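In our numbering, the protein residues as written are 14 to 218. Note that CB positions come from ideal geometry on N, CA and C, so glycine has one too. Here the structure is a predicted model, which is why all the values come from computation and not from measurement.
Below is the structure:
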């Protein structure tokens, strides 16, 4: 065995120690962590929990389910973006990553329309898509569209995301992002009908 081989194996063993792997992965950027995933099978399994611990975009998860993902249509002014939601749940690939997600903020950037909400929500009623999810957060203002009325409120689509990914393992449901909680204004972030619908979904889980 050459010295370089010994060094490489020693380096791999470092990532096999959760405390050290967490320290390293927390220091470098998420992009660098993703690159490490691609080095070899051992690093993939060692680093996967840290890369997927905090997910801040819904499309990343939905696109791993067959039938889900983004479709872009050309138009005269700007591309029209539709998020296609799955009408059935083939979770073969999804289950590789889903158990590692502990915090989820279901933002969906630049989506003009959703197709298939009713079917998707029906599929997710009796299953925990993210079985180890601990914290579910409403997106911040710059991560979702909102009305420009006197009271800014989140869209119904955001509540649907929360409903779809509710889990029996959930410990914290953040109904307002940090900048709203810090605000001294009188803005109503979550209107009562949406809040009532969300609480009903939570009680059914």
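* What is the DSSP secondary structure of residue 97, counted as helix, strand or coil? -> Reduced to three states, the DSSP call for residue 97 is strand.
* To do: Decide yes or no for the touch test of the stretch 100-109 against the stretch 40-52: beta carbon pairs closer than 8 Å, at least 3 of them.
  => Verdict: no, contact absent.
* Opposite residue 150 in the DSSP bridges: which residues? -> Paired residue(s): 187.
* Asked: Should residue 26 go down as buried or exposed, given a rule of 16 or more other Cβ atoms within 10 Å for buried?
  -> Of the residues assessed, residue 26 falls on the exposed side of the cut-off, its CB having fewer than 16 other CB atoms within 10 angstroms.
* To do: Quick one: grab the DSSP three-state call for residue 68.
  => Strand.
* Cβ-based neighbour list, residue 31, same chain, cut-off 6 Å, excluding 5 preceding and 5 following -> So no residue of the chain qualifies.
* What are the start and end residues of the beta strand (DSSP E) that includes residue 140? -> Segment: none, residue 140 is in no beta strand (DSSP E) and carries neither H nor E.
* To do: Would you be able to state if there are at least three C-beta pairs under 8 Å between the stretch 112-121 and the stretch 59-72?
  => Taking a contact to require three or more Cβ pairs closer than 8 Å, the stretch 59-72 and the stretch 112-121 qualify as touching.
* Coil, strand or helix - residue 60 by DSSP -> In the three-state DSSP reduction, residue 60 falls in the helix class (H, G or I).
* To do: Going by DSSP, name the residue or residues bridged to residue 126.
  => Answer is 95, bridged to residue 126.
* Assuming residue 127 and residue 151 make a contact with CB atoms under 8 Å, what is their CB distance in whole Å? -> So it is not a contact: roughly 17 Å between Cβ atoms.
* **Check whether residue 95 and residue 84 have beta carbons under 7 Å apart** => Yes. Within cutoff.
* Asked: Any idea which residues DSSP pairs residue 73 with across the strands?
  -> According to DSSP, which records beta bridges pairwise, residue 73 is partnered with nothing at all.
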